[in-house]
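Counting from 1, one number per residue, gives the positions in the sequence shown under our numbering. Every residue gets a Cβ at the ideal spot worked out from N, C-alpha and C, and that includes glycine. Notes for the one structure printed next.
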Amino acid sequence: MRRPAWLRIPRTRQGQRRAVQTVMALCVLALLPSAWLFVTTDDKIGTVADAPRTEVAVVFGAGLWKGEPSPYLAHRLDAAAELYRAGRIEVVLVTGDNSREEYDEPDAMRTYLKKHGVPGRRIVSDYAGFDSWDSCVRAKKIFGVDRAVLISQGFHIRRAVALCEAAGVSSYGVGVDAVHDATWYYGGAREVFAAGKAVLDSAFQPDPRFLGARERGVDRALAAPR
1 MRRPAWLRIP
11 RTRQGQRRAV
21 QTVMALCVLA
31 LLPSAWLFVT
41 TDDKIGTVAD
51 APRTEVAVVF
61 GAGLWKGEPS
71 PYLAHRLDAA
81 AELYRAGRIE
91 VVLVTGDNSR
101 EEYDEPDAMR
111 TYLKKHGVPG
121 RRIVSDYAGF
131 DSWDSCVRAK
141 KIFGVDRAVL
151 ISQGFHIRRA
161 VALCEAAGVS
171 SYGVGVDAVH
181 DATWYYGGAR
191 EVFAAGKAVL
201 DSAFQPDPRF
211 LGARERGVDR
221 ALAAPR
C-alpha cells in the first residue's frame, strides 16, 4: 500500500529543505495564537493575594465528579471563597454547563461555596456557560458585569482574560495552583488548540449558544446584606 504523496519524504536535498521549512512555518502559525494570549494578558494575571478589590468574581466550570466539583473546580471555588472572606469581592458568578438534567455545574458550585462560607444570596448562577466565550459574553450582556476577577487554572486563565476583555469585561485573572497530573498536561495541550478558537471568537464575536433577556441577579446580590 503506497503512502499518500504528502507523507512521502522528499528524495532531493532541496525537497527535504522545503519540507522542513513548511513544517517550521506550520508550527509557528500554530503557536501564534498562544503568543497573542501571553502578550495581551501579561499584566492582568496574578494570584489570590494580588487580586484587586472588585465587586464580582467569575468562576468557570471545570467538570463534576459524581455530582461534586472536580478537584480542579474545587480549587477555583476555594480561591473565590478566600477572596470573599477577605472582603476583596462581593459577589461570585458561577458559570458552567447545565445542558442536561443530570449534570448541573452551577448548582454544584453554589453548594460548594455555601459550605465554604459564601452566603447563597451572594452567589449568582449562569446555567448556559457552555464554553469560555459564552461565559464571558453572558457575564457582560446578560448579567451586566463590566469588571471582574476571573478564577481558573493557570493553563486556562490567560484565554479567559483575553476573551472577557474582548467581550467588554475589564478583567484580572487569578490562576490557581494545580497538581501537574495527566489532567493538567491535557489541559495545557488543549489550550494550544483552544487559543486559535479564542482568536476567532475575539475577532468575530459570535453570539453565545443561548443569550436571552437581561438578568438582575448580580444587581440583587450586590444589594443584599453581607
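- In the structure shown, the three-state DSSP call for Arg110 is helix.
- In its chain, beyond the 5 residues on either side, Val118 have a beta carbon closer than 6 Å to the beta carbon of Tyr84.
- Contact between the stretch 166–181 and the stretch 97–110 is absent: fewer than 3 CB-CB pairs across the two stretches fall below 8 Å.
- Looking at the backbone, the Cα of Arg190 and that of His156 are separated by about 9 Å.
- Here Glu82 is buried: its Cβ has 16 or more other Cβ atoms, across all protein chains shown, within 10 Å.
- Here the stretch 122–129 does not lie against the stretch 38–48, with fewer than 3 beta-carbon pairs under 8 Å apart.
- Counting of Cβ neighbours within 10 angstroms places Val39 among the exposed residues, the total staying below 16.
- Counting the other CB atoms within 10 Å of its CB gives Ala162 a total of 16 or more, which places it among the buried residues.
- The beta carbon of Gly212 sits closer than 7 Å to those of Ile142, all from its chain and outside the five residues before and after it, given in chain order.
- Boundaries of the beta strand (DSSP E) around Arg147: 147–153.
- For Trp133 and Asp42, the gap between their C-alpha atoms comes out near 19 Å.
- Secondary structure of Arg220 (DSSP, three-state): helix.
- Counting along the chain, Leu83 sits inside the alpha helix (DSSP H) bounded by residues 71–85.
- Nearest to Tyr172 by alpha-carbon distance, out of Arg88, Ala203, Leu73, Gly67, is Arg88.
- Taking 8 Å as the cut-off, the Cβ atoms of Pro208 and Arg100 do not count as close.
- Residue range 123–126 is occupied by the beta strand (DSSP E) that includes Asp126.
- In the three-state reduction of the DSSP assignment, Arg53 falls in the coil class, being assigned neither a helical nor a strand state.
- Straight-line measurement puts the Cα of Val91 at about 10 Å from the Cα of Ala224.
- In summary, Gly67 is exposed, with fewer than 16 beta-carbon neighbours lying within 10 Å of its beta-carbon over all protein chains present.
- Residue range 132–141 is occupied by the alpha helix (DSSP H) that includes Val137, with no beta strand (DSSP E) assigned at that position.
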